[in-house]
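Residue numbers (the working numbering): 480 to 721. We put the beta carbon where it would ideally sit given N, CA and C, even for glycine. Bear in mind that the values here come from a model prediction, so they are computed numbers and not experimental data. Data block below; observations after.
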């Protein structure tokens with residue numbers, strides 16, 4: 480796993496920033512920023528917030544390599560979820576989210592029409608939905624297919640995306656449609672061929688099989704690409720050993 484200084488350097492490279500740019504953006508001394516980059520010190524307090532803003536990412540990603548939503552996944556995974564048919568009573572304190580048992584991302588399965596409500600629902604605690612800043616009316620539960628996001632997301636795993644969250648924030652995971660392909664990747668803003676492009680990165684370290692993908696504004700328009708929504712939840716299960 481990468482270190483704090485390595486992640487800082489990685490974001491600086493992706494954003495084409497120099498040390499002087501971080502000094503100017505954070506208002507901190509050259510010595511402070513230099514020690515972060517060299518790994519001598521770790522940013523904390525108000526400084527980590529300023530650094531995250533300059534690097535267009537979250538403090539959690541800088542410190543731990545995970546986003547804020549991922550950081551709470553340990554608690555999210557413990558929650559009790561249930562699947563019910565449309566019309567069944569919803570327990571107090573829960574909300575029903577559309578659950579598509581036949582919809583997969585990272586698969587060439589044609590255009591996904593997630594605007595149509597599903598007869599199957601998955602129950603989530605209302606408090607959890609509020610805590611994660613999720614819009615329940617536009618949130619869907621679908622499945623992953625393939626190994627491109629392994630080990631972060633596994634083949635067949637149920638995940639949830641919020642279709643109202645389509646603005647790209649660097650390092651967050653999004654589902655997106657490219658022609659007949661529906662993909663899920665880490666996305667980063669990429670403007671080398673015009674403002675509004677992005678880079679898609681797989682979690683799988685095999686770059687030969689899962690290379691980074693670059694989408695310029697021209698390519699986005701010509702291929703009819705659309706962002707489906709931001710990932711916020713995954714179902715975590717463990718196989719029993721016998």
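Checking the DSSP bridge columns, you'll see residue 483 has no partner listed. Boundaries for residue 708: no alpha helix (DSSP H) harbours it, while the beta strand (DSSP E) harbouring it runs 705-713, taken from the DSSP string.
Membership of residue 671 in any beta strand (DSSP E) is not indicated, and neither H nor E is assigned to it by DSSP.
Shown here, residue 649 sits in coil according to DSSP, grouped into three states, outside any helix or strand. Contact between the segment 674-686 and the segment 625-645 is present: 3 or more CB-CB pairs across the two stretches fall below 8 angstroms. Straight-line spacing of the CA atoms in residue 631 and residue 713 works out to 10 angstroms. When DSSP states are grouped into helix, strand and coil, residue 634 belongs to the coil group. Around the CB of residue 622, 16 or more other CB atoms lie within 10 Å, so the residue is classed as buried.
DSSP places residue 504 in the helix class (H, G or I) of the three-state scheme. Just so you know, the alpha carbons of residue 700 and residue 601 end up roughly 34 angstroms apart. Inclusion of residue 661 and residue 584 in the CB contact set at 7 angstroms is warranted, their separation being smaller than that value. Using a Cβ distance threshold of 7 angstroms, residue 706 and residue 645 count as a contacting pair. Of the residues assessed, residue 719 falls on the exposed side of the cut-off, its CB having fewer than 16 other CB atoms within 10 angstroms. The beta carbon of residue 526 sits closer than 8 angstroms to those of 505, 507 and 511, all from its chain and outside the five residues before and after it, given in chain order.
Taking 7 angstroms as the cut-off, the Cβ atoms of residue 641 and residue 605 do not count as close. Residue 569 sits in coil when the DSSP states are folded into three classes, being neither helix nor strand.
Across the structure, residue 492 and residue 656 are spaced so that their CA atoms are roughly 27 angstroms apart. Contact between residue 482 and residue 517 does not hold, since the beta-carbon distance rounds to 11 angstroms and is not under 8 angstroms.
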